[in-house]
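Participant:
There are 2 protein chains.
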Amino acid sequence: MPQQGILLVVSGPSGTGKGTICRELLRSNPQLKYSISATTRQPRTGEADGVNYLFVAKDHFQTMIENDDLLEWAEVYGNFYGTPRHYVLEQLKNGYDVVLEIDTQGAMKIKEKFPEGVYIYIIPPSLDELADRIHKRGTDSLEVIKKRLHCASAELAQAHNYHYIVVNDQVAAAVQRVETIIAAEKHRAERNTDLIDSLCQARCN
Amino acid sequence: MPQQGILLVVSGPSGTGKGTICRELLRSNPQLKYSISATTRQPRTGEADGVNYLFVAKDHFQTMIENDDLLEWAEVYGNFYGTPRHYVLEQLKNGYDVVLEIDTQGAMKIKEKFPEGVYIYIIPPSLDELADRIHKRGTDSLEVIKKRLHCASAELAQAHNYHYIVVNDQVAAAVQRVETIIAAEKHRAERNTDLIDSLCQARCN
Numbered sequence: 235m236p237q238q239g240i241l242l243v244v245s246g247p248s249g250t251g252k253g254t255i256c257r258e259l260l261r262s263n264p265q266l267k268y269s270i271s272a273t274t275r276q277p278r279t280g281e282a283d284g285v286n287y288l289f290v291a292k293d294h295f296q297t298m299i300e301n302d303d304l305l306e307w308a309e310v311y312g313n314f315y316g317t318p319r320h321y322v323l324e325q326l327k328n329g330y331d332v333v334l335e336i337d338t339q340g341a342m343k344i345k346e347k348f349p350e351g352v353y354i355y356i357i358p359p360s361l362d363e364l365a366d367r368i369h370k371r372g373t374d375s376l377e378v379i380k381k382r383l384h385c386a387s388a389e390l391a392q393a394h395n396y397h398y399i400v401v402n403d404q405v406a407a408a409v410q411r412v413e414t415i416i417a418a419e420k421h422r423a424e425r426n427t428d429l430i431d432s433l434c435q436a437r438c439n
Numbered sequence: 235m236p237q238q239g240i241l242l243v244v245s246g247p248s249g250t251g252k253g254t255i256c257r258e259l260l261r262s263n264p265q266l267k268y269s270i271s272a273t274t275r276q277p278r279t280g281e282a283d284g285v286n287y288l289f290v291a292k293d294h295f296q297t298m299i300e301n302d303d304l305l306e307w308a309e310v311y312g313n314f315y316g317t318p319r320h321y322v323l324e325q326l327k328n329g330y331d332v333v334l335e336i337d338t339q340g341a342m343k344i345k346e347k348f349p350e351g352v353y354i355y356i357i358p359p360s361l362d363e364l365a366d367r368i369h370k371r372g373t374d375s376l377e378v379i380k381k382r383l384h385c386a387s388a389e390l391a392q393a394h395n396y397h398y399i400v401v402n403d404q405v406a407a408a409v410q411r412v413e414t415i416i417a418a419e420k421h422r423a424e425r426n427t428d429l430i431d432s433l434c435q436a437r438c439n
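Protein sequence lines, in the order shown, are assigned to chains A and B. Residues are numbered in the numbering used here as their position in the first sequence, beginning at 1, plus a constant of 234. Residues are numbered in the numbering used here as their position in the second sequence, beginning at 1, plus a constant of 234.
1) Using the beta-carbon count (16 or more within 10 Å), is R278 of chain A buried or exposed?
2) Using 8 Å as the threshold, is the stretch 372–380 of chain A in touch with the stretch 333–353 of chain A, meaning 3 or more CB pairs across them?
3) Just the chain A side, please: which residues come within less than 9 Å of S245 of chain B by C-beta, in chain order?
4) Where does the unbroken beta strand (DSSP E) through K267 of chain A begin, and where does it stop?
5) Find the residues of chain B that neighbour N426 of chain A, judging by a C-beta separation of less than 7 Å, and give them in chain order.
6) What residue ranges within the stretch 391–439 of chain B form continuous beta strand (DSSP E) runs of no fewer than 3 residues, ordered along the chain?
7) How would you label T250 of chain A, buried or exposed, when you count the other beta carbons within 10 angstroms and need 16 or more for buried?
8) For a contact meaning CB atoms closer than 8 Å, what does R367 of chain A contact in chain B?
9) What ranges does the alpha helix (DSSP H) occupy inside the stretch 336–401 of chain A, keeping only unbroken runs of at least 4 residues that lie completely in it?
10) Can you give the Cα-Cα distance for R257 of chain B and Q392 of chain A, rounded to whole angstroms?
11) For the stretch 347–367 of chain A against the stretch 424–433 of chain B, do three or more pairs of beta-carbon atoms, one drawn from each stretch, fall closer than 8 Å, so that the two count as touching?
12) At 4 residues or longer, what runs of the alpha helix (DSSP H) sit wholly inside the stretch 292–339 of chain A?
13) Mapping the DSSP letters down to three states, classify S245 of chain A as helix, strand or coil.
14) Do we get a CB-CB distance below 8 Å when we pair L429 of chain A with the residues of chain B?
15) Any contact between the stretch 280–300 of chain B and the stretch 409–423 of chain A? By contact I mean 3 or more CB pairs, one from each, below 8 Å.
16) For H397 of chain A versus I354 of chain A, is the C-beta spacing smaller than 8 Å?
17) Compute every distance between the C-beta of S248 of chain A and the non-hydrogen atoms of the ligand MN, then say whether any falls below 7 Å.
18) For R411 of chain A, return the contacting residues in chain B, with the cut-off set at a CB-CB distance below 7 Å.
19) I want to know whether the stretch 319–329 of chain A touches the stretch 263–270 of chain A - three or more CB-CB distances under 8 Å.
20) What does the alpha-carbon distance come out to for the pair A291 of chain B and A282 of chain B?
21) Cβ closer than 7 Å: which chain A residues qualify as neighbours of L390 of chain B?
22) What residues in the stretch 309–335 of chain A have a beta carbon less than 9 Å from any beta carbon of chain B?
23) Between which two residues does the beta strand (DSSP E) harbouring T279 of chain B extend?
24) So, helix, strand or coil for T254 of chain B, using DSSP?
25) Between T414 of chain A and chain B, is any beta-carbon pair separated by less than 8 Å?
26) Suppose you measure from the CA of L364 of chain A to the CA of V409 of chain A; what does that come to, to the nearest Å?
27) Compute the Euclidean distance between the alpha carbons of L288 of chain A and N395 of chain B, then round it to the nearest angstrom.
28) Mind checking whether T317 of chain A and S248 of chain A have CB atoms under 8 Å apart?
29) Could you tell me which of A:R275, A:W307 and A:N263 sits nearest to R319 of chain A, measuring between CA atoms?
30) Taking the alpha-carbon of D293 of chain A as reference, which of A:T273, A:G284, A:G280 and A:Y311 has the nearest alpha-carbon?
31) Looking at the strands, I want to know which residues DSSP matches up with L288 of chain B.
32) Within this structure, are the beta carbons of G312 of chain A and L241 of chain A separated by less than 8 Å?
33) Tell whether a beta-carbon distance below 8 Å holds between L260 of chain B and V333 of chain B.
34) 8 Å is my cut-off, CB to CB: does I357 of chain B come that close to chain A?
35) Hey, is Y287 of chain B's beta-carbon within less than 8 Å of any beta-carbon in chain A?
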């Protein structure tokens, strides 16, 4: 039986590049699976069901909540978003690691149910750098950038609730840091109780 | 100011090769320092004061105990052994990591005083392999080997008190695993509170 996989929960302020890091991680680590969120919102152009999101009807989402089929869920501007429990647990059981990119609120809800996950908070090298990045994206007005930065400051206070802090100064370096964390976590004592038990039992027989 | 170093405490059953792993680690990682034990026993041929041990008189050792100058100490066959606190803390403050190879009893005493250390337990791939290694060393009689293996089984039950379990199947691979653990631990949130604070403060000013 393979060692149970690791649930990797990744958060960070908007504009930190956590999405890019997760995509790079998934590209170069075939043992890593992406946890797809379920949502009641309409698909945007180019989004495919089962790839970007599981697009479900509101009453279906309601049933998922009632059946405790979601590790966490939230309502944002009238749309529902949630993390289907079954997919995550199935992958972990089969020895795959699962990466979940989610905001701090969702992450903390999952941490309550799933403390054995690995919680990583991505930070920019500085807030000036973050302002630069959001500015260069060119999608936000100055007013929105200011608001985002204000939120970032507040968000950063959540960092101490995570297990690890990874600075995203260079994407490749940040990806390697996360890979190092995953590799180290495989050796955690609590993930290797079977190994110790089997060593001890082999002697008793 | 450099990030505070990490105290790395390494234990494992006799014959697991933890000594070899620590030597290799120190050889290839200049940021890693070896914690030298103080002892009241006589130096053996080839042992140098300040290199293998700090050789001290019994009354000096007694004073160290009274002054709480030792992170842990023990009496073995009438000789005293202990870990001088000052050297370890000084290195950590200067950003060096310190490796301490010690038995499970000593390790657990240190863990009480120093929970922020990283506690690694080295295990053999199997107890048969361990028996083979002890046998090949050729220094022990069959009777002693049996006793060592019996102790190993009992010792292995301590493994769950450590943070990490590292299998020593190949020395180079085991050394790399420990290096990965050190690298990952540098990103632990509790070791990076200053980083978060300075990011937040930079914004407030």
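Cβ coordinates follow ideal geometry from the N, Cα and C atoms, glycine included.
Facilitator: Looking at the atomic coordinates:
1) Exposed, by the Cβ-count rule.
2) No contact exists between the stretch 372–380 of chain A and the stretch 333–353 of chain A.
3) Chain-order list of chain A residues neighbouring S245 of chain B: empty, with the shortest C-beta distance near 12 Å, by a criterion of under 9 Å.
4) Segment L266 to Y268, the beta strand (DSSP E) holding K267 of chain A.
5) Contact of N426 of chain A with chain B by beta-carbon distance below 7 Å involves I399.
6) Counting whole runs of 3 or more residues, the stretch 391–439 of chain B contains the beta strand (DSSP E) stretches 398–401.
7) With 16 or more other Cβ atoms within 10 Å, it is buried.
8) Listed along chain B, no residue sits closer than 8 Å to R367 of chain A by beta-carbon distance, the nearest being about 14 Å off.
9) Runs of the alpha helix (DSSP H) lying entirely within the stretch 336–401 of chain A and spanning at least 4 residues, in chain order: 338–347, 361–371 and 376–390.
10) Going from the Cα of R257 of chain B to the Cα of Q392 of chain A covers about 40 Å.
11) In this structure the stretch 347–367 of chain A touches the stretch 424–433 of chain B; the number of beta carbon pairs closer than 8 Å is three or more.
12) 292–300 and 319–327, all fully within the stretch 292–339 of chain A.
13) Of the three classes helix, strand and coil, the one that applies to S245 of chain A here is strand, per DSSP.
14) Closer than 8 Å: yes.
15) Not touching, per the Cβ criterion.
16) Yes; because the gap between Cβ atoms is below 8 Å, this pair is in contact.
17) As far as ligands go, the structure on display features none, and thus does not contain the ligand MN.
18) For the C-beta of R411 of chain A, the chain B residues within less than 7 Å are, from N- to C-terminus, H421.
19) Judged by Cβ distances under 8 Å, the stretch 319–329 of chain A makes contact with the stretch 263–270 of chain A, as three or more pairs qualify.
20) The alpha-carbon atoms of A291 of chain B and A282 of chain B are separated by roughly 15 Å.
21) For a Cβ distance threshold of 7 Å, residue set I430, L433 and C434 of chain A lies close to L390 of chain B, ordered along the chain.
22) The residues in question: there are none.
23) Annotation for T279 of chain B: no beta strand (DSSP E) segment contains it, and DSSP assigns it neither H nor E.
24) Secondary structure at T254 of chain B: helix, using DSSP grouped into helix, strand and coil.
25) The beta carbon of T414 of chain A falls within 8 Å of a beta carbon belonging to chain B, placing the residue at that interface.
26) Rounded to whole angstroms, the separation of the alpha carbons of V409 of chain A and L364 of chain A is 18 Å.
27) Answer to the nearest angstrom: the Cα atoms are 42 Å apart.
28) No, they are not a contact pair.
29) Measuring from the Cα of R319 of chain A, the nearest candidate turns out to be A:W307.
30) Closest option to D293 of chain A, Cα to Cα, is A:T273.
31) For L288 of chain B, the beta-bridge partners assigned by DSSP are B:A272.
32) No, the pair does not count as a contact, with Cβ atoms beyond the cut-off.
33) In contact: L260 of chain B and V333 of chain B (Cβ atoms closer than 8 Å).
34) Taking Cβ atoms only, chain A reaches closer than 8 Å to I357 of chain B, which makes this a yes.
35) Closer than 8 Å: no.
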